[in-house]
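Asks:
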Amino acid sequence: MRCFLLLSLLVFLTACTAPDDVTHRLFVTNEADGTVTVIDSRSLEVVKTVEVGSRPRCIGFSPDRRLVYVALGNDNAIGVVDTRSLELVNTIPAGSDPEAFAVHPNGTIYLSNEDDALATALNPATGEILAEIPVGIEPEGVQVSPDGKLVVVTSESTNMVHMISVPGHEVVDNILVAARPREVTFTSDGKTAYVTCEVGGEVVKLDVEQRKVVDNLRMRREIRRVKPKGILLSHDEKTLYVSTGRGNSIVTLDPSTLEIQKVIPVGRRVWGIALSRDGKRLFSANGLDNNVSVVDTEKLEEVRKIPVGGRPWGVVIDD
Amino acid sequence: MHRSIPAWITCGALLLALAGSSTAAEKVTILFVGAEAGPAWKGAEQGIIEANILGRFTGQGYELKRSSASAVPKGAAAVIVAAGGPAAAGISDRVDGAVVNVTDGSDSLRKRCRANLFHTIPSDRMRADALAQWRRNSESQNNHVRAWHPDFVKFAARDLNNRYRKTHGEAMDDEAWAAWAAVKTITEAVTRGQTTDPIAIARYLREELEFDGQKGAPHSFRDTGQLRQPLLIVEDGKLVAEAPVRGVADPDDLDTLGLAACP
Numbered sequence: 001m002r003c004f005l006l007l008s009l010l011v012f013l014t015a016c017t018a019p020d021d022v023t024h025r026l027f028v029t030n031e032a033d034g035t036v037t038v039i040d041s042r043s044l045e046v047v048k049t050v051e052v053g054s055r056p057r058c059i060g061f062s063p064d065r066r067l068v069y070v071a072l073g074n075d076n077a078i079g080v081v082d083t084r085s086l087e088l089v090n091t092i093p094a095g096s097d098p099e100a101f102a103v104h105p106n107g108t109i110y111l112s113n114e115d116d117a118l119a120t121a122l123n124p125a126t127g128e129i130l131a132e133i134p135v136g137i138e139p140e141g142v143q144v145s146p147d148g149k150l151v152v153v154t155s156e157s158t159n160m161v162h163m164i165s166v167p168g169h170e171v172v173d174n175i176l177v178a179a180r181p182r183e184v185t186f187t188s189d190g191k192t193a194y195v196t197c198e199v200g201g202e203v204v205k206l207d208v209e210q211r212k213v214v215d216n217l218r219m220r221r222e223i224r225r226v227k228p229k230g231i232l233l234s235h236d237e238k239t240l241y242v243s244t245g246r247g248n249s250i251v252t253l254d255p256s257t258l259e260i261q262k263v264i265p266v267g268r269r270v271w272g273i274a275l276s277r278d279g280k281r282l283f284s285a286n287g288l289d290n291n292v293s294v295v296d297t298e299k300l301e302e303v304r305k306i307p308v309g310g311r312p313w314g315v316v317i318d319d
Numbered sequence: 001m002h003r004s005i006p007a008w009i010t011c012g013a014l015l016l017a018l019a020g021s022s023t024a025a026e027k028v029t030i031l032f033v034g035a036e037a038g039p040a041w042k043g044a045e046q047g048i049i050e051a052n053i054l055g056r057f058t059g060q061g062y063e064l065k066r067s068s069a070s071a072v073p074k075g076a077a078a079v080i081v082a083a084g085g086p087a088a089a090g091i092s093d094r095v096d097g098a099v100v101n102v103t104d105g106s107d108s109l110r111k112r113c114r115a116n117l118f119h120t121i122p123s124d125r126m127r128a129d130a131l132a133q134w135r136r137n138s139e140s141q142n143n144h145v146r147a148w149h150p151d152f153v154k155f156a157a158r159d160l161n162n163r164y165r166k167t168h169g170e171a172m173d174d175e176a177w178a179a180w181a182a183v184k185t186i187t188e189a190v191t192r193g194q195t196t197d198p199i200a201i202a203r204y205l206r207e208e209l210e211f212d213g214q215k216g217a218p219h220s221f222r223d224t225g226q227l228r229q230p231l232l233i234v235e236d237g238k239l240v241a242e243a244p245v246r247g248v249a250d251p252d253d254l255d256t257l258g259l260a261a262c263p
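The listed protein sequences correspond, in order, to chains X and E. For the first sequence, position 92 (counting from the first letter as 1) is numbered 92 according to our numbering, and the numbering increases by one without interruption. For the second sequence, position 194 (counting from the first letter as 1) is numbered 194 according to our numbering, and the numbering increases by one without interruption.
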């Protein structure tokens with residue numbers, strides 16, 4: 001009984017102290033500069049600009065958030081930045097032209113090799129390439145299902161969502177979607193996935209178990225020059241946020257009906273988006289404006305712009 | 001003595017047949033009329049390589065076969081013509097499926113508005129309109145218009161240029177792009193239209209195609225058979241802009257370039 005109490009106390013303490021353990025930092029890749037801009041998510045001030053390598057695009061955390069990984073397309077590598085010291089601590093060879101990736105809860109990095117029509121499974125601790133999986137042309141968006149049993153990769157020029165089994169690393173299905181699929185997000189139950197299709201101007205809803213398209217929203221009529229790219233769900237999963245590229249806006253959708261709720265103007269060629277832990281702030285990387293927009297998700301409006309480096313691509317937050 | 005075939009045998013045979021059909025690739029033949037060593041042939045070859053990456057997942061095997069203009073065999077999914085407008089028009093009279101002209105820019109060919117004749121190479125008037133838009137802002141007269149450019153990087157054009165260079169060891173030009181686009185649009189029709197029937201392919205191209213030509217905006221075919229597409233402005237040897245030219249025309253309105261509809 002005493003043991004149980006002690007354990008409970010420990011769990012309680014851990015739960016309480018978790019927020020203190022975070023760095024309250026935003027990390028933004030600047031594709032043109034070879035840098036990552038680090039921003040304090042509370043003061044919204046730039047803390048540091050870290051040189052990482054050539055053509056940084058996708059960015060994501062290790063499961064413990066001690067490290068942030070950056071795909072360095074021209075260096076054929078993943079750069080590793082310590083989220084505390086803000087130093088580049090490692091550069092791991094990652095096959096040809098890595099563009100996007102997702103980190104599995106077990107630590108494996110699944111990445112797309114854009115010019116090689118491959119998805120690669122990389123162990124960042126040892127640098128070992130665990131698997132190279134042939135997919136379609138110009139593979140891009142990568143996402144891991146919440147249960148970790150599935151990795152999905154989009155191929156931009158083959159217009160497909162490839163479903164790859166974990167740990168088997170077999171392609172188990174390929175779903176044809178609209179032109180130039182770029183990014184995927186899952187619901188927390190893993191049953192539904194949403195895909196942005198950039199040239200098709202669509203958001204596509206997939207039934208993951210049935211492995212088929214169940215709904216799609218064509219946005220081109222409503223939003224001029226729309227090129228959907230970034231996509232994520234609010235924490236209550238009642239709102240879907242989509243960045244619209246040259247539509248220069250963030251769109252909120254009803255995830256069940258895919259109806260457009262609100263179009264929020266931000267900066268030019270908006271791609272990467274990230275949501276704060278409390279869900280009240282959404283951040284967007286505005287590629288042609290060299291800044292990051294801060295969106296108030298209750299007022300549904302942009303409240304701030306933060307200057308960053310050249311051609312910002314992706315953004316993640318540890319708060 | 002006649003005995004009916006037990007149900008489980010029928011079932012088993014059916015299952016085997018189904019299993020067989022899902023593993024054996026369905027062959028899709030695209031004919032090519034024109035010189036084998038030219039850029040159009042090489043562009044079509046690049047398209048076939050990419051089609052077969054897609055086909056690996058969807059169960060088709062694509063092949064490119066040369067044919068003479070005078071004896072185009074029946075049964076091909078579509079015909080790509082890199083032998084001039086008269087040859088393309090002549091073939092479109094003799095086959096039911098899609099004939100795609102990838103080299104001839106003459107506007108008279110577009111004005112014919114044949115149901116099965118398509119053009120992925122821009123028309124002369126599209127180029128002239130693009131140049132006129134550009135010259136409203138530019139002093140220099142040393143400029144011209146391209147369908148494609150090896151220095152083009154936006155909209156993943158960089159990736160297509162790299163793929164082409166890797167395959168052929170040379171830069172992709174207009175005709176290579178047009179022939180690549182011809183194969184890719186036919187592939188789209190086969191995959192999305194779920195058909196290898198030449199007439200159905202031609203119908204899909206005309207009515208439903210939304211094609212990612214790696215130039216940004218989705219491309220579709222006009223009633224004239226011309227592929228709507230952004231064009232590239234080259235000035236003093238450098239790639240300087242895309243048309244429709246921003247500030248002069250609506251960059252989304254691809255119909256500001258060339259004859260928008262049948263006369």
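Every residue, glycine too, gets a C-beta built ideally from N, C-alpha and C. For clarity, every value in this text was computed on a predicted model and none was experimentally measured.
Is the beta carbon of VAL144 (chain X) sitting closer than 9 Å to the one on VAL166 (chain X)?
Replies: yes
Asks: Within 9 Å of any Cβ in chain X, is that where the Cβ of PRO244 (chain E) sits?
Replies: no
Asks: Using the DSSP secondary-structure output, state which residues sit across from GLU235 (chain E) in a beta bridge.
Replies: E:ASN143 and E:LYS238
Asks: When the Cα atoms are used, what is the spatial distance from PRO251 (chain E) to ASP147 (chain X)?
Replies: One C-alpha to the other measures close to 44 Å.
Asks: With 16 as the cutoff for other CB atoms within 10 Å, does ASP173 (chain E) come out buried or exposed?
Replies: buried
Asks: Applying the criterion that 16 or more other CB atoms from any shown protein chain within 10 Å of the CB defines a buried residue, is GLY53 (chain X) buried or exposed?
Replies: buried
Asks: Expressed to the nearest angstrom, what Euclidean distance is found between the alpha-carbon atoms of CYS197 (chain X) and ALA128 (chain E)?
Replies: 32 Å
Asks: If you reduce the DSSP assignment to three classes, tell me which class ASP147 (chain X) lands in.
Replies: coil
Asks: Would you report the Cα separation of SER256 (chain X) and LEU240 (chain X), rounded to the nearest angstrom?
Replies: 9 Å
Asks: In three-state DSSP terms, what is SER21 (chain E)?
Replies: Only weak support is given to the placement of SER21 (chain E): the predicted model assigns it a pLDDT of 40, under 50, and the value that follows is read from those uncertain coordinates. Helix, per DSSP.
Asks: Could you say which of E:SER68, E:ARG206 and E:ILE80 lies nearest to ILE48 (chain E) if we only look at CA atoms?
Replies: E:ILE80
Asks: Output, in chain order, the set of chain E residues within a Cβ distance shorter than 7 Å of LEU150 (chain X).
Replies: Per Cβ cutoff of 7 Å: no residues; LEU150 (chain X) is ~17 Å from chain E at best.
Asks: Whole angstroms is fine: what's the gap from THR91 (chain X)'s alpha carbon to SER188 (chain X)'s?
Replies: 32 Å
Asks: Could you check if ASN286 (chain X) is buried or exposed, using at least 16 other CB atoms within 10 Å of its CB as the buried criterion?
Replies: buried
Asks: Verify whether the separation of the beta carbon atoms of GLY216 (chain E) and LYS154 (chain E) is less than 9 Å.
Replies: Judged by their CB atoms, GLY216 (chain E) and LYS154 (chain E) are nearer to each other than the 9 Å cut-off.
Asks: Between PRO230 (chain E) and chain X, is the shortest Cβ-Cβ distance under 9 Å, so that the two count as touching?
Replies: no
Asks: Residues in the same chain with beta-carbon distance under 6 Å from VAL171 (chain X), minus the five sequence neighbours each way, listed in chain order, please.
Replies: HIS162 and ILE164
Asks: Hey, PHE221 (chain E) and LEU209 (chain E): beta-carbon distance below 9 Å or not?
Replies: yes
Asks: Given a cut-off of 9 Å on the beta-carbon distance, is the pair ALA189 (chain E) and LEU205 (chain E) in contact?
Replies: yes
Asks: Let me know the secondary structure DSSP gives LEU206 (chain X) once reduced to three states.
Replies: In the structure shown, the three-state DSSP call for LEU206 (chain X) is strand.
Asks: Using a Cβ cut-off of 9 Å (strictly closer), state whether HIS2 (chain E) contacts chain X.
Replies: Only weak support exists for where HIS2 (chain E) lies, its pLDDT of 41 falling under 50; the value from the coordinates is given anyway. No, its Cβ sits nowhere closer than 9 Å to a Cβ of chain X.
Asks: Would you report the Cα separation of ASN248 (chain X) and ASP82 (chain X), rounded to the nearest angstrom?
Replies: 32 Å
Asks: Kindly confirm or deny that the stretch 35 to 44 of chain E and the stretch 55 to 62 of chain E touch, where touching means at least three C-beta pairs closer than 8 Å.
Replies: no
Asks: What residues are listed by DSSP as bridge partners for ASP318 (chain X)?
Replies: X:ARG25
Asks: Using 10 angstroms around the beta-carbon of GLN261 (chain X), count the other beta-carbons present and answer buried if the total reaches 16, otherwise exposed.
Replies: exposed
Asks: Just how far apart, CA to CA, sit VAL270 (chain X) and ARG192 (chain E)?
Replies: 29 Å
Asks: Starting from GLY136 (chain X), find everything on chain E with Cβ-Cβ shorter than 8 Å and list it in chain order.
Replies: ILE53, LEU54 and PHE57
Asks: So which residues of chain E does GLU170 (chain X) contact, with C-beta pairs closer than 8 Å?
Replies: Simply none; closest approach about 13 Å.
Asks: Express the C-alpha separation of VAL102 (chain E) and GLY309 (chain X) in angstroms, rounding to a whole number.
Replies: 42 Å
Asks: Measure how close the beta-carbons of ALA94 (chain X) and THR120 (chain X) come, nearest whole angstrom, since I'm counting them as under 8 Å.
Replies: 6 Å
Asks: Residues in its own chain within less than 8 Å of VAL72 (chain E) by CB, not counting five upstream and five downstream?
Replies: LEU31, VAL33, VAL79, ILE91, ARG94 and VAL95
Asks: Assuming the contact rule is C-beta atoms closer than 8 Å, ASP159 (chain E) and ASP115 (chain X) should be a hit. Round their C-beta distance to whole Å, please.
Replies: The Cβ separation is near 6 Å, so the contact holds.
Asks: How far does the beta strand (DSSP E) with ASN280 (chain E) in it extend, from its first residue to its last?
Replies: With chain E represented from 1 up to 263, any question about residue 280 (chain E) goes unanswered, as that position is not in the structure.
Asks: Output needed in chain order: residues of the stretch 204 to 225 of chain E with a Cβ under 7 Å from some Cβ in chain X.
Replies: GLU210, ASP212 and PRO218
Asks: Check ASN76 (chain X) in the structure and name its three-state DSSP category.
Replies: DSSP places ASN76 (chain X) in coil when its eight states are reduced to three.
Asks: GLN194 (chain E) and GLY213 (chain E): beta carbons closer than 9 Å?
Replies: no
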